[in-house]
Amino acid sequence: MRYRYFPGCTLKGQAKNMENTTLAAATALGIELVELEEWQCCGAVFPLYEDELISLLSPVRTLAAAEGEPLVSLCAACHHVLKRAQELMQRNEDARHKVTEFLEIDYKGEGRVLHFLEVLRDDLGFDKLAEMIKKPLEGRKAAAYYGCLLLRPSKVMQFDDPENPTIMEDFLQALGAEVVKSPYRTECCGAYLSVTEEGVAADTVARILDSARKAGAEMLITACPLCRYNLENCAAEDGKEPVKVYYFSELLAEAMGLQFDDLMAKAIERRRSSDVGSS
Amino acid sequence: MSAAANKTRLVEEMKAQSGQDPSQCFQCAKCSAACPVTAAMDLLPHQVIRYLQMGMEEELLKSKTPWICASCFTCAARCPRDLDLARMMEGIRLSMLRCREGNKFGPADLTPEQLEKLPQQALVSGFRKYNK
Numbered sequence: 011m012r013y014r015y016f017p018g019c020t021l022k023g024q025a026k027n028m029e030n031t032t033l034a035a036a037t038a039l040g041i042e043l044v045e046l047e048e049w050q051c052c053g054a055v056f057p058l059y060e061d062e063l064i065s066l067l068s069p070v071r072t073l074a075a076a077e078g079e080p081l082v083s084l085c086a087a088c089h090h091v092l093k094r095a096q097e098l099m100q101r102n103e104d105a106r107h108k109v110t111e112f113l114e115i116d117y118k119g120e121g122r123v124l125h126f127l128e129v130l131r132d133d134l135g136f137d138k139l140a141e142m143i144k145k146p147l148e149g150r151k152a153a154a155y156y157g158c159l160l161l162r163p164s165k166v167m168q169f170d171d172p173e174n175p176t177i178m179e180d181f182l183q184a185l186g187a188e189v190v191k192s193p194y195r196t197e198c199c200g201a202y203l204s205v206t207e208e209g210v211a212a213d214t215v216a217r218i219l220d221s222a223r224k225a226g227a228e229m230l231i232t233a234c235p236l237c238r239y240n241l242e243n244c245a246a247e248d249g250k251e252p253v254k255v256y257y258f259s260e261l262l263a264e265a266m267g268l269q270f271d272d273l274m275a276k277a278i279e280r281r282r283s284s285d286v287g288s289s
Numbered sequence: 522m523s524a525a526a527n528k529t530r531l532v533e534e535m536k537a538q539s540g541q542d543p544s545q546c547f548q549c550a551k552c553s554a555a556c557p558v559t560a561a562m563d564l565l566p567h568q569v570i571r572y573l574q575m576g577m578e579e580e581l582l583k584s585k586t587p588w589i590c591a592s593c594f595t596c597a598a599r600c601p602r603d604l605d606l607a608r609m610m611e612g613i614r615l616s617m618l619r620c621r622e623g624n625k626f627g628p629a630d631l632t633p634e635q636l637e638k639l640p641q642q643a644l645v646s647g648f649r650k651y652n653k
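Just so you know, the sequences run in chain order A and B.
To convert a position in the first sequence, counted from 1, into this note's numbering, add 10.
To convert a position in the second sequence, counted from 1, into this note's numbering, add 521.
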């Protein structure tokens with residue numbers, strides 16, 4: 011299974027561990043993620059007014075660079091922007107004409123745009139994944155935290171049911187964890203309000219963590235670096251039973267029995283072989 | 522430009538650029554029940570749509586609410602009229618950023634500690650959202 015891989019800025023910075031663990035696990039699962047050459051920012055936020063065409067330039071350039079091959083990303087925000095930019099290119103002919111003319115590229119909105127979890131669910135299959143697990147996370151009480159960007163708007167994202175998703179729980183089950191459902195798993199963490207309105211993010215994060223704690227979870231998984239930052243930094247957690255936050259891929263690598271040294275080595279090896287392949 | 526022309530401009534632009542027609546809202550307030558950040562808002566989400574219906578643009582442009590909206594899209598997921606309020610909030614913000622106040626937030630507003638710890642994604646999206 012071969013995919014073009016778009017990392018995005020955060021996966022090369024604060025969320026390097028999400029990339030390392032995913033690349034190592036993907037290699038072990040026989041999923042080939044070939045990093046796009048000379049990729050740039052996904053655009054970071056999808057423009058909600060359709061005349062904000064300048065914000066579409068970098069995501070459309072990325073979509074076109076995948077050349078019709080399935081394009082995979084890991085960061086929830088990158089996936090959100092790329093998926094919605096593709097939908098806009100398919101639907102709004104005028105916008106597509108202007109953007110592709112400006113970029114001097116030919117792009118018609120074709121190709122699958124996937125989050126890595128969708129690759130695991132739809133292409134590999136969670137049953138198959140479960141068979142390949144070497145160190146099941148037995149007795150570990152894990153809850154899914156979906157946040158916003160993977161799920162909504164569901165008509166465009168087509169990731170899962172926006173109110174009652176199951177993909178992350180099914181993923182955790184495949185890893186052998188004890189799955190705990192928390193009612194606040196689809197609520198917003200406060201996003202970048204943690205930068206401008208700290209008090210607001212403190213409230214949203216406290217509700218999410220308290221809800222997970224009450225449900226009995228000892229850990230949460232996320233696919234979003236900003237969700238993780240907020241969950242780890244925005245609420246006063248003093249004296250409370252800790253709820254740890256992990257990238258979904260960290261638990262995946264652990265359940266596949268990949269040690270940190272292995273992960274680093276394989277990630278570096280992958281990078282080297284893709285550099286050789288592209289030169 | 523007269524106040525009246527201004528009022529229609531915001532709503533007309535909104536219809537054209539976001540496909541959202543505030544007059545379709547019947548004020549059930551499910552958006553306000555769904556919104557996770559109403560505690561910090563001076564107008565509730567459904568009230569913002571009501572103000573749009575009434576053409577009360579000046580009041581909307583003074584409100585804190587569009588800047589508190591985190592674009593989490595929960596309101597749109599639950600709207601029985603299939604309206605996307607996040608797009609309307611974006612329209613109010615853009616109206617401010619494009620014509621009135623300029624940039625709202627930049628790197629100088631952050632502490633060195635924040636700059637060190639924040640994920641790159643938060644910095645880029647924050648600057649994109651609050652600047653033009």
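Glycine is no exception: its CB is placed at the ideal position from the N, C-alpha and C atoms.
For residue 48 of chain A, the secondary structure class from DSSP, reduced to helix, strand or coil, is coil. Residue 126 of chain A and residue 226 of chain A have their C-alpha atoms spaced approximately 27 Å apart.
Residue range 229-232 is occupied by the beta strand (DSSP E) that includes residue 232 of chain A. Take residue 94 of chain A, set aside five residues on each side of it, and the residues of its chain with a beta-carbon closer than 7 Å to its own are 56 and 166, in chain order.
Put simply, the backbone Cα of residue 129 of chain A is about 11 Å away from that of residue 43 of chain A. The Cβ atoms of residue 145 of chain A and residue 228 of chain A lie no closer than 7 Å to each other. In this structure, residue 573 of chain B sits away from residue 601 of chain B, with a CB-CB distance that is not shorter than 7 Å. The C-beta distance from residue 586 of chain B to residue 562 of chain B rounds to 4 Å, short enough to fall under 8 Å. In this structure, the straight-line span from the alpha carbon of residue 216 of chain A to that of residue 231 of chain A is close to 16 Å. If you draw a straight line from the Cα of residue 110 of chain A to the Cα of residue 99 of chain A, it is about 9 Å long. Counting along the chain, residue 259 of chain A sits inside the alpha helix (DSSP H) bounded by residues 258-265. Of all residues in the stretch 619-643 of chain B, those with a C-beta nearer than 9 Å to a C-beta of chain A are 625, 626, 630, 631, 635, 638, 639, 640, 641, 642 and 643, reading in chain order.
Residue pairing for residue 81 of chain A: DSSP places it in a beta bridge opposite A:14 and A:123. The beta-bridge partner set that DSSP reports for residue 255 of chain A consists of A:230. When Cβ-Cβ separations below 7 Å define contact, residue 95 of chain A makes no contact with chain B.
Contact between the stretch 11-19 of chain A and the stretch 85-94 of chain A is present: three or more C-beta pairs spanning the two stretches fall below 8 Å. According to the DSSP assignment, residue 54 of chain A belongs to no beta strand (DSSP E), since it is labelled neither H nor E. Contact annotation for residue 551 of chain B against chain A: no contact, minimum CB-CB distance about 12 Å [criterion: below 9 Å]. Distance check between residue 27 of chain A and each of A:218, A:190, A:71 and A:234 places A:234 closest, using alpha-carbon atoms only. Secondary structure of residue 151 of chain A (DSSP, three-state): strand. Residue 646 of chain B has a beta carbon lying within less than 7 Å of a beta carbon in chain A. Straight across, the Cα-Cα distance linking residue 652 of chain B with residue 191 of chain A is about 38 Å. Put simply, the backbone Cα of residue 76 of chain A is about 7 Å away from that of residue 46 of chain A.
The straight-line gap separating the alpha-carbon atoms of residue 584 of chain B and residue 51 of chain A is approximately 32 Å.
DSSP places residue 188 of chain A inside the beta strand (DSSP E), whose first and last residues are 188-190. Taking a cut-off of 8 Å for Cβ pairs, the stretch 601-619 of chain B and the stretch 173-182 of chain A do not touch, as fewer than three such pairs fall below it. Taking CB atoms only, residue 244 of chain A has no neighbour in chain B less than 7 Å away. The three-state secondary structure of residue 565 of chain B, taken from DSSP, is coil. Cβ proximity to chain A below 7 Å picks out 539, 557, 558, 560 and 561 from the stretch 539-572 of chain B.
For residue 586 of chain B, none of the residues of chain A pass the 8 Å Cβ criterion, the least Cβ distance being about 12 Å.
With 16 or more other Cβ atoms from the protein chains shown falling within 10 Å of its own Cβ, residue 650 of chain B counts as buried. Residue state for residue 66 of chain A is assigned as helix, using DSSP reduced to three classes.
Taking C-alpha positions only, residue 14 of chain A is separated from residue 142 of chain A by approximately 23 Å. For residue 42 of chain A, the three-state secondary structure derived from DSSP is strand. Contact with chain A is absent for residue 581 of chain B, since none of that chain's Cβ atoms lies less than 7 Å from the residue's Cβ.
Shown here for residue 149 of chain A: same chain residues with a beta carbon closer than 7 Å to its own, the five before and five after excluded, namely 188 in chain order.
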